[in-house]
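Numbering (mature numbering (1 follows the signal peptide of the UniProt record, and there is no 0)), first residue to last: -22 to -1, 1 to 95. Below is one structure, written out as structure tokens; comments come after it.
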């Protein structure tokens, strides 16, 4: 496991020097996150299902459901990596049924950083 992580770190450092563009995707709770790489495969770098600000995914949502800005699902990266890493495309339902509910009564979103390698 440690060797695999070291290989990914070395690969990421190499790709950063080659100018690989990091991508970001944000999808509101209830939607589907669809990631795609035209060349290469997906590598998830960062993911959080929760809420860290009051401005993302707020349209039509009461303020009381967006006030918690300290909402993190620690397993988000593991879940997204399992479902998307090393694939050309993936689709993940942004829902408590997939990620479980890290903060009740809070309207959440999935925020993902990834690259195509």
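From the three backbone atoms N, C-alpha and C, an ideal C-beta is built for every residue, glycine too.
Query raised in the report: Could you give the C-beta distance for residue 28 and residue 86, rounded to a whole number, given that I count them as a contact under 8 Å?
Result: Taking the first residue of the chain shown as position 1, residue 28 is located at position 50. Taking the first residue of the chain shown as position 1, residue 86 is located at position 108. Going by Cβ atoms, the distance from residue 28 to residue 86 rounds to 5 Å, so yes, they are a contact pair.
Query - For residue -1 and residue 22, the rounded distance between their alpha carbons - result: Sequence index remark: in the chain shown, residue 22 carries index 44 (1-based). Sequence index remark: in the chain shown, residue -1 carries index 22 (1-based). Looking at the two C-alpha atoms, the distance is approximately 10 Å.
Report task. Might you give, ordered along the chain, the residues of its own chain that have their beta carbon closer than 8 Å to the beta carbon of residue 53, omitting 5 neighbours on each side? Result -> The residue given as residue 53 occupies position 75 in the chain shown. Counting only Cβ-Cβ distances below 8 Å, and skipping sequence neighbours, we find 77 and 78.
Query raised in the report: Which term fits residue 84, buried or exposed, when burial requires 16 or more other beta carbons within 10 angstroms of its beta carbon?
Result: Reading the chain shown from its first residue, position 106 is the one you call residue 84. It is buried - the Cβ of residue 84 has at least 16 other Cβ atoms within 10 Å.
Query raised in the report: Does the beta-carbon distance from residue 9 to residue 90 come in below 8 Å?
Result: The sequence position of residue 9 within the chain shown is 31, counting from 1. The sequence position of residue 90 within the chain shown is 112, counting from 1. Not in contact: residue 9 and residue 90 (Cβ atoms no closer than 8 Å).
Query raised in the report: Between residue 25 and residue 47, which are expected to be in contact by the criterion C-beta below 8 Å, what is the C-beta distance as a whole number of angstroms?
Result: Here residue 25 is taken as the residue at index 47 of the chain shown, counted from 1. Here residue 47 is taken as the residue at index 69 of the chain shown, counted from 1. Actually they are not in contact, since the Cβ atoms of residue 25 and residue 47 sit about 17 Å apart, beyond 8 Å.
Requested in this report: Using beta-carbon positions only, say whether residue 63 and residue 93 come within less than 8 Å of one another.
Outcome: Within the chain shown, residue 63 is the residue found at index 85, counting from 1. Within the chain shown, residue 93 is the residue found at index 115, counting from 1. Not in contact: residue 63 and residue 93 (Cβ atoms no closer than 8 Å).
Query raised in the report: Which class does residue 57 belong to by DSSP, given the choice of helix, strand or coil?
Result: The residue you call residue 57 lines up with position 79 of the chain shown. Helix.
Query raised in the report: Taking just the CA atoms, how far does residue 70 sit from residue 12?
Result: Here residue 12 refers to the residue found at position 34 when the chain shown is read from its first residue. Here residue 70 refers to the residue found at position 92 when the chain shown is read from its first residue. Pairing residue 12 with residue 70, the inter-Cα distance amounts to about 7 Å.
Requested in this report: Consult DSSP for residue 26 and reduce its assignment to one of helix, strand or coil.
Outcome: Within the chain shown, residue 26 is the residue found at index 48, counting from 1. Correct three-state label for residue 26: strand.
Report task. Note down, in chain order, each residue of its chain lying with its Cβ closer than 6 Å to the Cβ of residue 101, except the 5 sequence neighbours on either side. Result -> Since the first residue of the chain shown is -22 and the last is 95, residue 101 is not available in this structure.
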